[in-house]
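Participant:
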Amino acid sequence: MSNMDHHVADGNDALDFLKHFFDGATDGYIVVWGKNDKRTHSFHISDMKGAVAKLDELSPVGDTYAARGLQQSAVRGFDRGDEEGVRFVSGVWADIDTREGPHGSPKKPVDPMTLPADLNEALALVQAAGLPDPTVIIHTGGGCHLHWTYAVPVMLMTEAERVAEKALAEAWLARLRAVFKARGYKLDGVADLCRVVKIPNTWNHKTNPAKPVRLVTMGQRIERDDVLNIVATELKVTTKAAAKIGGASALLNDQAKQAAIAKAKPDNLASVLAGCAWMEHCEADAASLPEPEWTGMLSISSRCENGRVLSHKLSEPYAGYTFEETEQKIDHVLEAAGPILCNRVAGEIGFEGCARCPFRASIKSPITLAGQPRAVVKVQREAVYVEKGRTYFDLPSGEKLDPQEFGDGVRAKIGPNPHDKLMASSTMPKVKRRDYRPGNPDLIIQEEDGTKAVNLWHQGGITPVKGDPKPILDYFDRLIPLEDERRFLLQFLAHLYRHPEVKIEFGAIIVGGFGTGKSTFHTRIVGRLFGEGNARKLEGAELASPYNARWVDCQVLMIEEAHHGERLEVFKSTLELLVAERITVHDKYIRSFQGRTPRGITMVSNDDAPIVLPPGDRRWFLTATLPTPETAEEKREHRAFFERLYEVLDRDDTVLAAFAYHLQHEVSLEGFKPKGEPPMTTAKETATKASRTPVAQVLGELITERMAPFHKDIVEVKEVVHALKVSDYAHTLERISPQKIANVIRAVSGKPVNVEDGKHLELVIGPGKKPRPWAIRNTARWTTATREELKEEFLRLPGDAGDNVTDMRDAALRKAMEEAARRTGG
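Residue numbers for the sequence shown follow UniProt numbering, so the first one is 1 and each next one is one higher.
#1: Buried or exposed: where does residue 13 fall if 16 or more other Cβ atoms within 10 Å of its Cβ makes it buried?
#2: Under 8 Å, do residue 557 and residue 461 count as touching if we go by C-beta distance?
#3: Go ahead and label residue 284 buried or exposed: buried means 16 or more other beta carbons lie within 10 angstroms of its beta carbon, across all protein chains shown.
#4: Tell me which same chain residues have a C-beta within less than 6 Å of the C-beta of residue 476, skipping the five on either side of it?
#5: Taking residue 53 and residue 66 to be in contact with their CB atoms under 8 Å, please state how far apart those CB atoms are, rounded to whole angstroms.
#6: Compute the Euclidean distance between the alpha carbons of residue 418 and residue 362, then round it to the nearest angstrom.
#7: Are at least three pairs of beta-carbons, each pair with one atom in the segment 312-320 and one in the segment 336-345, less than 8 Å apart?
#8: Count the other CB atoms within 10 Å of the CB of residue 684; is the residue buried (16 or more) or exposed (fewer)?
#9: Quick check on the burial criterion: 16 or more other C-beta atoms within 10 angstroms. Buried or exposed for residue 609?
#10: Roughly how far, in whole angstroms, is the beta-carbon of residue 153 from the beta-carbon of residue 89, given that I think they are within contact range, below 8 Å?
#11: Is residue 201 helix, strand or coil when you go by DSSP?
#12: Under 8 Å, with one C-beta from each stretch per pair, do the segment 113-124 and the segment 72-92 reach the 3-pair mark?
#13: Exposed or buried, residue 762, counting other C-beta atoms within 10 Å across all chains shown (16 or more means buried)?
#14: Based on the DSSP output, what are the partners of residue 688 in its beta bridges?
#15: Is residue 754 buried or exposed, if buried means 16 or more other CB atoms sit within 10 Å of its CB?
#16: Give the straight-line distance between the Cα atoms of residue 395 and residue 273, rounded to the nearest whole angstrom.
#17: Please specify which runs of the alpha helix (DSSP H), each continuous and at least 4 residues long, are wholly inside the segment 413-450, giving them in chain order.
#18: Between which two residues does the alpha helix (DSSP H) containing residue 326 stretch?
#19: DSSP three-state call for residue 572: helix, strand or coil?
#20: With distances taken from CA atoms, which of 39, 60 and 105 is nearest residue 76?
#21: Could you tell me if residue 21 is buried or exposed, where buried requires 16 or more neighbouring beta carbons within 10 angstroms of its beta carbon?
#22: Nearest to residue 664 by CA position, among 61, 467, 303 and 228, is which residue?
#23: Can you have a look at residue 220 and say buried or exposed, based on whether 16 or more other CB atoms are within 10 angstroms of its CB?
#24: In the DSSP assignment, what are the bridge partners of residue 752?
#25: Count the other CB atoms within 10 Å of the CB of residue 239; is the residue buried (16 or more) or exposed (fewer)?
#26: Considering Cα atoms alone, identify which of 784, 724 and 726 is closest to residue 752.
#27: Report the three-state DSSP secondary structure of residue 137 (helix, strand or coil).
#28: As a quick exercise: from 275, 521, 297 and 595, pick the residue whose alpha carbon is nearest that of residue 282.
#29: Assuming residue 432 and residue 593 form a contact by the criterion Cβ under 8 Å, report the distance between their Cβ atoms to the nearest whole angstrom.
#30: Comparing C-alpha positions only, which one of 198, 110 and 600 sits nearest to residue 93?
#31: How many Å lie between residue 6 and residue 33 at the Cα?
#32: Considering only residues of the same chain and omitting the five flanking positions on each side of residue 547, which have a CB-CB separation below 7 Å?
#33: Quick check: is any heavy atom of the ligand NAD less than 7 Å from the C-beta of residue 592?
#34: Could you give the distance in angstroms between the alpha-carbon of residue 700 and the alpha-carbon of residue 689?
#35: If we ignore side chains and look at the alpha-carbon of each, how far apart do residue 146 and residue 401 end up?
#36: According to DSSP, is residue 212 helix, strand or coil?
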């Protein structure tokens with residue numbers, strides 16, 4: 001509890017206090033008493049203003065009080081009423097004297113060191129006692145009155161009820177007094193139902209001048225059932241002498257049993273069953289439920305509305321059910337322990353369904369669901385709200401939906417303003433972020449920074465079963481002819497399957513001609529092996545897209561038909577996928593977010609160099625298939641093999657399950673290092689040679705983007721050198737010289753034009769301007785073009801190519817080009 005500043009009373013505090021203190025009472029009398037004349041004044045509950053007026057009248061001349069309990073009849077004279085006449089109390093309370101004022105009599109004063117220093121220390125002692133914050137705090141001038149007022153105040157209609165209520169007040173004080181005693185402090189006993197209390201906006205006359213009695217705070221009421229539960233131990237002590245108090249002990253025990261029933265009615269077992277998979281299991285398997293689970297189930301059901309009846313209904317299917325034993329067990333779970341916690345269900349009981357429960361993000365016990373509407377709980381069971389990105393993760397579909405999209409789908413189930421309704425619910429599963437943790441079965445996981453995340457991974461794919469994997473192994477024998485490379489590819493798959501949590505920091509590429517069976521590797525084997533959602537197929541063209549959200553949060557990324565041998569940025573982006581744990585990704589209509597990179601990446605392509613592979617690359621393993629069948633006999637045999645394979649694979653999962661078992665138990669991982677360097681292969685050497693140099697890669701990008709001077713088809717070497725030097729990529733390139741550019745232009749499919757008898761001739765543009773022209777696109781056309789056509793294209797200005805062309809040349813070069821065009825009449 002934090003330090004509190006005293007609230008300065010105003011004229012309405014006394015009336016506000018009485019309204020709060022006696023809220024819910026329809027009959028009875030407020031007793032006002034003045035210490036100076038010791039006379040009693042009674043006011044019907046309907047005349048609170050009369051009571052306040054009397055307090056205002058008496059307070060200036062002496063200490064003034066009101067009784068905490070309403071009397072059944074008006075009392076007058078010197079009689080303040082007794083406990084037998086009390087019909088209503090609003091809660092429990094404590095009168096705490098502090099060193100702020102004198103206490104005791106002048107002849108026998110109280111030692112100040114036996115009292116707390118002030119209100120703040122008093123509140124610290126309340127906290128140490130395990131008691132909740134008081135509802136109302138009154139600073140009396142020499143201490144404080146702390147009131148815990150009930151959400152539903154108690155009508156006391158019988159002697160047993162009055163004795164029980166006093167016993168509860170005594171137990172509350174006993175809990176607090178134990179802490180006071182440990183500190184060497186004293187605490188007055190004020191459990192009497194007819195005890196008088198200080199009222200705000202009056203005066204404390206023990207000092208001269210008198211000190212005001214102030215209202216410090218008035219807050220949230222407490223459930224009486226919580227009071228019963230908090231002091232259950234103390235209640236057992238105070239009610240031991242059951243014979244002395246008649247039925248009070250039995251009444252208190254019964255009230256304690258019903259504590260959770262009265263709290264937040266109507267607690268709904270239907271809501272618990274709608275949200276908790278374990279409670280569903282307890283109901284469905286009641287006939288064979290083990291005793292620990294039965295006890296746990298009753299600790300929930302007995303605390304719901306009509307709990308005893310429902311608990312019997314849940315227990316009846318068991319062959320050994322008896323009414324008497326079930327009653328005893330209900331009494332036991334209500335008296336001896338609280339409702340079972342989710343951690344115990346998941347851990348000690350070992351219920352597997354807890355792993356995928358979204359409510360692990362929001363509740364600690366299934367009983368919490370009882371206070372929510374069933375329809376709301378059913379919606380919450382199928383979604384997790386992710387604060388970063390402000391999206392719902394829809395569990396059945398695995399989709400990420402914005403609040404509007406999700407709300408549209410559930411509005412008919414839970415009513416208008418569904419998003420606001422779910423956000424206001426204490427049981428709505430909410431996490432900080434999404435994550436993808438292969439191998440971790442829990443839906444709700446703890447992140448490194450202590451926050452919670454929703455785990456997008458879930459167990460899927462093929463369950464390994466020992467059998468005959470020969471049809472698939474024969475496929476690999478056919479697909480990858482070299483044994484060492486085939487063994488390494490199988491190790492790659494085996495490691496992914498056995499250790500889903502470990503990232504392999506290199507990818508596997510299979511290159512080969514059309515019709516060699518590469519697509520079977522992805523669609524019929526890897527995809528099914530790991531399961532939909534865990535193995536994601538990506539078309540090669542998507543590697544060049546700015547929308548890359550599909551690259552992340554999967555176990556295996558399967559890239560189909562990549563053709564990016566000339567795209568340097570594709571190599572860089574895939575490199576990041578291979579080495580980083582997380583990357584920031586973008587998608588249409590959804591905010592950028594961080595996703596976890598795949599644990600393994602595979603790629604198939606018809607190209608020998610599907611991706612840039614610079615010399616010394618250690619991030620890709622390449623293997624090549626057999627050549628495409630050419631003869632009619634080869635084609636027939638090839639087609640027959642795959643027809644047999646597809647028949648086996650499409651029939652059921654038997655062969656795939658056997659292959660999964662082979663990967664799990666029979667493939668040796670000796671020598672395979674997921675963070676090491678893959679072996680060099682002939683296919684990789686070929687791909688590396690076929691990959692363009694960095695200069696060629698950059699030039700290819702500039703030509704594709706049609707940036708000047710590449711807005712035109714005809715250029716000279718000097719222009720190309722200048723454009724490369726002023727480009728954004730210049731810092732990534734080796735030293736650029738005109739001598740190298742000819743080969744670079746050829747590497748991007750450029751061709752010299754104005755060639756005669758094998759000689760590359762100059763093209764006369766004007767005085768002093770005689771470039772040797774190169775065609776960088778449409779080479780077939782420009783090879784046969786006339787000199788005038790070549791000259792016209794060479795002099796074409798950037799503006800003629802459209803508004804989006806960017807001129808990379810500096811002003812001097814542009815001016816020179818324009819001057820040359822004028823001189824030649826262009």
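Glycine included, every Cβ here is placed at the ideal spot set by N, Cα and C.
Facilitator: The structure says:
#1: buried
#2: no
#3: exposed
#4: 486
#5: So it is not a contact: roughly 13 Å between Cβ atoms.
#6: 18 Å
#7: no
#8: buried
#9: buried
#10: 7 Å
#11: coil
#12: no
#13: exposed
#14: Beta-bridge pairing links residue 688 to no other residue.
#15: buried
#16: 18 Å
#17: 418-424
#18: 323-336
#19: helix
#20: 39
#21: buried
#22: 467
#23: exposed
#24: 774
#25: Any reading at residue 239 is ruled out, since the residue's pLDDT is 43, under 50, leaving its predicted position unreliable.
#26: 784
#27: strand
#28: 297
#29: Between residue 593 and residue 432 the Cβ distance is about 12 Å, and since that is not below 8 Å, they are no contact.
#30: 198
#31: With a pLDDT of only 38 at residue 6, under 50, the local geometry of the prediction cannot be trusted, and the value read off the model is given with reservation. Straight-line Cα distance between these residues: approximately 25 Å.
#32: 586, 587 and 588
#33: This structure does not include the ligand NAD; it has no bound ligands of any sort.
#34: 17 Å
#35: 49 Å
#36: strand
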